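Okay, so here's the structure we're looking at.
In my numbering, the protein residues as written are 2 to 140.
Listed below in structure tokens is the structure:
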């Protein structure tokens, strides 16, 4: 919120796009919520990676899933908003955020042929999208 006036562009890469007061828990599917609980039983408070995670298998703090976000006011002040949707990822999870970005004014939507691991699968395409967001004098 405090930095929104200094941010020229924000890019969500196959990500949750909460509204004010929503937690990741609220936006997750039933299968994901079950994993958040079961996946931290052997290390209380730390969720195990999802089974399909190809690399980077580190645990994630459960409390971050339960923390409400309040992005609406800040997002409204950021001139360029971009959502990148991975078409081979988890449509049940991220499809609703793709749809939101496609339907709300002020968003640009990019769909990439990739799993959820966009940076790993299509680094050149992602770099191109990110560079489009940079101010001309920054390049």
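Virtual Cβ for every residue (Gly too), placed ideally from N, Cα, C. None of these values were measured; they are calculated from a predicted model.
- For residue 9, the three-state secondary structure derived from DSSP is coil.
- In the structure shown, residue 54 adopts coil according to DSSP, grouped into three states.
- Residue 102 sits close to residue 110, with the two beta carbons spaced by under 8 Å.
- Residue 3 carries a coil assignment under DSSP once its states are collapsed to helix, strand and coil.
- Around the Cβ of residue 115, a 10 Å sphere holds 16 or more other Cβ atoms; the residue is buried.
- 8 Å or more divides the Cβ of residue 70 from the Cβ of residue 117.
- In the DSSP assignment, residue 81 falls within the unbroken beta strand (DSSP E) covering 81–87.
- With distances taken between CA atoms, residue 63 lies nearest to 25 out of 112, 5, 25.
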